[in-house]
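Visitor: In the order they appear, the protein sequences are chains A and B. Here the first sequence stands for residues 0 to 221, numbered as in numbering that gives the first Met the number 0. Here the second sequence stands for residues 0 to 218, numbered as in numbering that gives the first Met the number 0. Glycine included, each C-beta is placed from N, C-alpha and C at the ideal position. Since this is a predicted model, take the numbers as computed values, not measurements. Input: one structure, supplied below.
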Amino acid sequence: MWGIYFSNLMESLPLFFKGLWITLEVSLLSLLLSTLGGFLLGIIRSSKVRWLQYILAAYVDLIRGTPFLVQIFIVFFILPEWDIHLEAFTSAILSLTIYGTAYICEIVFGAIRAVPGGQVEAAIASGLSWRQSMQHVVLPQALRPILPPLVGQYVLLIKDTAVVSVIGLTDITRVGWLTVQRIPEGILVFGLVGLFYFAICYPLIWLSNRLEARMTVEGSRL
Amino acid sequence: MLEAFNFRAIIDFLPLFLQGLKGTVLLSLASLTGAMLVGIAACVARLSGIRLLALPAIAFIEIIRSTPLLTQLFFFYFGLPGLGLRLSESQTGILALSLNSGAYIAEILRAGVMAVSKGQIEAALSSGLNLFQRLRYIILPQAIGVTIPALLGQMIVLVKDSALLALISVLELTRAAQLMASERFMPAEGFFTAALFYLMLYYLLKMVSAYWQKRLIYR
């Protein structure tokens, strides 16, 4: 039995590569937009404007407190009720960006807050404006501790793109779901799907671990 | 938007949502129990220093962390019947969630064990405690103590992850919202209500976590 299923599966391999391409496209686009959004909001959140801080904290809590599945359903089903009609692909990118931005905003905000206050005071005392002190003093120092958790967050986001298959986008998970209707051997089919994700995510996890290890060694030299 | 929001329908469906809430809470608790067992086992195996145990544990942890939960869920849902194992949908869900969170908990616990100072373990060794006794009386109590906030964070992730079980038609909050959306065609009311319940659980766990963090600092 397994032999027949296996050769069937090999025949539908091109479908899997098409799905992989969609997964990569969705991941790259949403990662790029989330990184931009997250850095922007993270920097804004560390400005001293109270009401902006409250709004951004509430946004981060709303996103972190609800499952991504519920968020994507809200984007996909509710925007049409307000006469905003988006394709599945655009809805997927939009919801992933809203989701990823919140997590990256939190990482960036945390790293900026960890920069010693004396640095900012010294910059302000030297006559730098808030924007200048951010650009030349705070961000360069915050960037190094941001990197390991950022790469870790990328892995989580890439894995979360699997959920976009529920709104009908034919990513690699949906290809698996469609294939398993013809080849009823879940272990084989989703084993293969898992293999593709592993090939993408494992190198990134390794990179994140390495960055972290390098940081601890350099940190302990102090 | 609010004028079109049908609050009556939400009240009509409240019993279903409460059932869904019960489902989410019970599934999360069952999976957390399973995940703790899996996590402790994987962590002990990884740190045992015995290659035959450590290598499979490392492989398990890395495979779980590099693949999406949804893929794992479908792997078991479509795969187990082929092996002659017939589990109900919720049992399959609990299995997938336990293994998934178990891998993350193993890593959290490992960080906790690493934080137990070497002197403690050497003292235990020289007092003649065997591996099980060292774990039971010296290492685990301290490791679990410092890792409680991280474990509660994992619990928050677990509650949100349990939403995926709606896709294999287990009745929990997201499934309740889906049912309301399809029966009355009211997706807005359904999913916003589900989101509200999730937020309640989130803030509850966040408060417990903040309380623990304070206790750890003042101790």
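Name the two residues that bound the continuous alpha helix (DSSP H) containing Asn99 of chain B.
Guide: What you label residue 99 of chain B is simply residue 100 of the second sequence in a count that begins at 1. Here the alpha helix (DSSP H) through Asn99 of chain B covers 88-114.
Visitor: Going by the CB atoms, is the gap between Val150 of chain A and Gly206 of chain A shorter than 7 Å?
Guide: In the first sequence, residue 206 of chain A corresponds to position 207, counting from 1. In the first sequence, residue 150 of chain A corresponds to position 151, counting from 1. Looking at the sequence provided, one finds Leu at residue 206 of chain A rather than Gly. Their beta carbons are under 7 Å apart, which means Leu206 of chain A touches Val150 of chain A by this criterion.
Visitor: Using the Cα positions of Thr22 of chain A and Gln180 of chain A, report the straight-line distance between them to the nearest angstrom.
Guide: In the first sequence, counting from the first residue as 1, residue 22 of chain A sits at position 23. In the first sequence, counting from the first residue as 1, residue 180 of chain A sits at position 181. Cα-Cα distance, rounded: 21 Å.
Visitor: Per DSSP, what kind of secondary structure is Arg220 of chain A in: helix, strand or coil?
Guide: For the purposes of this step, residue 220 of chain A is taken as residue 221 along the first sequence, with counting starting at 1. The predicted position of Arg220 of chain A is uncertain, since its pLDDT is 40 and thus under 50; a value taken from the coordinates is nonetheless stated next. Coil, per DSSP.
Visitor: On the criterion of 16 or more Cβ atoms from any shown chain inside 10 Å, does Thr66 of chain B qualify as buried, or is it exposed?
Guide: Residue numbering aside, residue 66 of chain B sits at position 67 when the second sequence is read from its first letter. When all chains shown are included, Thr66 of chain B counts as buried.
Visitor: Report the residue from A:Thr65, A:Ser90, A:Pro66 whose alpha carbon sits nearest the alpha carbon of Ile77 of chain A.
Guide: Taking the first residue of the first sequence as 1, we reach residue 77 of chain A at position 78. Closest by alpha carbon: A:Ser90.
Visitor: How would you write the range of the alpha helix (DSSP H) that Gln152 of chain A sits in, first residue to last?
Guide: For the purposes of this step, residue 152 of chain A is taken as the residue at position 153 of the first sequence. 138-159 is the extent of the alpha helix (DSSP H) around Gln152 of chain A.
Visitor: Compare the C-beta of Gly78 of chain B with all C-beta atoms of chain A and state if any pair is closer than 7 Å.
Guide: Taking the first residue of the second sequence as 1, we reach residue 78 of chain B at position 79. For Gly78 of chain B, the answer is yes, since a Cβ of chain A falls inside 7 Å of its Cβ.
Visitor: Alpha carbon to alpha carbon, how far is Arg50 of chain B from Gly127 of chain B? Give it in angstroms, no decimals.
Guide: Residue mapping note: residue 127 of chain B aligns to position 128 of the second sequence, counting from 1. Residue mapping note: residue 50 of chain B aligns to position 51 of the second sequence, counting from 1. Their backbone Cα atoms lie some 24 Å apart in a straight line.
Visitor: Quick one: which chain B residues come within Cβ less than 8 Å of Lys17 of chain A?
Guide: By 1-based counting over the first sequence, the position of residue 17 of chain A is 18. Under the 8 Å cutoff, chain B gives no residues; its nearest Cβ is about 17 Å from Lys17 of chain A.
Visitor: Would you say Leu206 of chain A lies against chain B (beta-carbon separation less than 7 Å)?
Guide: Residue mapping note: residue 206 of chain A aligns to position 207 of the first sequence, counting from 1. No, Leu206 of chain A lies away from the interface with chain B (no Cβ there is under 7 Å from its Cβ).
Visitor: Anyone know if the C-beta pair for Leu204 of chain B and Ile155 of chain B falls short of 7 Å?
Guide: Here residue 204 of chain B refers to the residue found at position 205 of the second sequence. Here residue 155 of chain B refers to the residue found at position 156 of the second sequence. Yes.
Visitor: Please tell me whether Glu211 of chain A has its Cβ less than 7 Å away from any Cβ of chain B.
Guide: The residue given as residue 211 of chain A occupies position 212 in the first sequence. Not one chain B Cβ lies under 7 Å of Glu211 of chain A.
Visitor: So, under 8 Å CB-CB, Ile71 of chain A and Val163 of chain A are touching, yes? Tell me the CB distance rounded to an integer number of Å.
Guide: As a working note, residue 71 of chain A is residue 72 in the first sequence. As a working note, residue 163 of chain A is residue 164 in the first sequence. Right, the Cβ-Cβ distance comes to about 7 Å (below 8 Å), so this counts as a contact.
Visitor: List, in order along the chain, the chain B residues whose C-beta lies closer than 7 Å to that of Glu184 of chain A?
Guide: Against the first sequence, residue 184 of chain A aligns to sequence position 185. Neighbours of Glu184 of chain A on chain B, chain order: Gly81.
Visitor: My assumption, with CB atoms under 8 Å, is that Gly175 of chain A sits in contact with Phe197 of chain A. Please give the rounded CB distance.
Guide: The residue you call residue 175 of chain A lines up with position 176 of the first sequence. The residue you call residue 197 of chain A lines up with position 198 of the first sequence. That belief does not hold up - the Cβ atoms of Gly175 of chain A and Phe197 of chain A are roughly 14 Å apart, past 8 Å.
Visitor: For Thr23 of chain B, which of A:Leu85, A:Thr65, A:Leu187 has the nearest alpha-carbon?
Guide: Within the second sequence, numbered from 1, the residue matching residue 23 of chain B stands at position 24. Closest by alpha carbon: A:Thr65.
Visitor: Name the two residues that bound the continuous alpha helix (DSSP H) containing Thr65 of chain A.
Guide: Translated into the one-based positions of the first sequence, residue 65 of chain A becomes position 66. Neither: Thr65 of chain A is in no alpha helix (DSSP H) and is coded neither H nor E.
Visitor: For Gly38 of chain B, which residues of its own chain have a beta-carbon under 7 Å away from its beta-carbon, when the five flanking residues on both sides are left out?
Guide: If you number the second sequence from 1, residue 38 of chain B lands on position 39. For Gly38 of chain B, where only same-chain residues beyond five positions count, the Cβ hits under 7 Å are Gly101, Ile104, Ala105, Leu108.
Visitor: Check each candidate in A:Phe88, A:Tyr4, A:Asn7 and name the one with the smallest Cα separation from Gly18 of chain A.
Guide: Reading the first sequence from its first residue, position 19 is the one you call residue 18 of chain A. The residue with the shortest Cα to Cα distance from Gly18 of chain A is A:Phe88.
Visitor: In its own chain, which residues sit with a C-beta less than 6 Å from the C-beta of Cys42 of chain B, not counting the 5 before and 5 after it?
Guide: In the second sequence, the residue the question calls residue 42 of chain B occupies position 43. Taken in chain order, the residues that qualify are Ala105, Leu108, Arg109.
Visitor: Quick check: is the beta carbon of Ala113 of chain A nearer than 7 Å to any beta carbon in chain B?
Guide: Taking the first residue of the first sequence as 1, we reach residue 113 of chain A at position 114. Cβ-Cβ to chain B under 7 Å: no for Ala113 of chain A.
Visitor: Short of 8 Å in beta carbon distance, which residues of its chain neighbour Arg85 of chain B, apart from the five on each side in sequence? Order them along the chain.
Guide: Stepping through the second sequence from its first residue, residue 85 of chain B is reached at position 86. Excluding sequence neighbours, Arg85 of chain B sits near Leu79.
Visitor: Please say whether Ile111 of chain A and Val137 of chain A have beta carbons closer to each other than 7 Å?
Guide: Counting from 1 along the first sequence, the entry for residue 137 of chain A is found at position 138. Counting from 1 along the first sequence, the entry for residue 111 of chain A is found at position 112. Closer than 7 Å, so yes.
Visitor: Run down chain B in chain order and give the residues with a C-beta less than 8 Å from the C-beta of Leu156 of chain A.
Guide: Counting from 1 along the first sequence, the entry for residue 156 of chain A is found at position 157. Ordered by position in chain B, no residue passes the 8 Å Cβ test against Leu156 of chain A, which lies about 11 Å from the chain.
Visitor: Reducing DSSP to helix, strand and coil, say where Gly189 of chain B ends up.
Guide: Position 190 of the second sequence, counting from 1, holds the residue named residue 189 of chain B. Helix, per DSSP.
Visitor: Does the segment 2-22 of chain B come within contact of the segment 190-207 of chain B, defined as at least 3 CB pairs closer than 8 Å?
Guide: With a cut-off of 8 Å, the segment 190-207 of chain B and the segment 2-22 of chain B count as touching, because enough Cβ pairs lie within range.
Visitor: Pop quiz: Ile99 of chain A and Leu30 of chain A are said to be a contact at Cβ under 8 Å. What is the actual Cβ separation, rounded to whole angstroms?
Guide: Along the first sequence, one-based indexing puts residue 99 of chain A at 100. Along the first sequence, one-based indexing puts residue 30 of chain A at 31. Here the sequence assigns Gly to residue 99 of chain A, which means Ile is not the residue at that position. So it is a contact: roughly 7 Å between Cβ atoms.
Visitor: Buried or exposed: where does Arg220 of chain A fall if 16 or more other Cβ atoms within 10 Å of its Cβ makes it buried?
Guide: For the purposes of this step, residue 220 of chain A is taken as the residue at position 221 of the first sequence. Bear in mind that a pLDDT of 40 at Arg220 of chain A, under 50, signals an unreliable position, so the model cannot answer this.
Visitor: Quick one: measure Cβ to Cβ for Leu68 of chain B and Leu163 of chain B, integer angstroms, because I've assumed they're closer than 8 Å.
Guide: Locating residue 68 of chain B in the second sequence gives position 69, where the first residue counts as 1. Locating residue 163 of chain B in the second sequence gives position 164, where the first residue counts as 1. Right, their Cβ atoms sit about 6 Å apart.
Visitor: When we look at the beta-carbon of Asp76 of chain B and count the other beta-carbons within 10 Å, is it buried (16 or more) or exposed?
Guide: Within the second sequence, the letter at position 77 stands for residue 76 of chain B. The amino acid at residue 76 of chain B is misidentified as Asp; the sequence shows Tyr. Its Cβ being crowded by 16 or more others within 10 Å, Tyr76 of chain B is buried.
Visitor: With a CB to CB cut of under 6 Å and the five nearest residues on each side skipped, what residues in its chain are close to Gly92 of chain B?
Guide: Sequence index remark: in the second sequence, residue 92 of chain B carries index 93 (1-based). Within the same chain, Gly92 of chain B has close Cβ partners Leu164, Val169.
Visitor: Looking at C-alpha atoms only, which residue of B:Leu172, B:Ser47, B:Ser87 is the closest neighbour of Leu200 of chain B?
Guide: For the purposes of this step, residue 200 of chain B is identified with residue 201 of the second sequence, where counting begins at 1. Closest option to Leu200 of chain B, Cα to Cα, is B:Leu172.
Visitor: I'd like to know whether the C-beta of Phe131 of chain B is nearer than 7 Å to at least one C-beta of chain A.
Guide: Within the second sequence, residue 131 of chain B is the residue found at index 132, counting from 1. It does not; no Cβ of chain A falls within 7 Å.
Visitor: Can you confirm whether Cys104 of chain A, when its beta carbon is compared against all beta carbons of chain B, has any partner nearer than 7 Å?
Guide: For the purposes of this step, residue 104 of chain A is taken as residue 105 along the first sequence, with counting starting at 1. By this cut-off, Cys104 of chain A is not an interface position.
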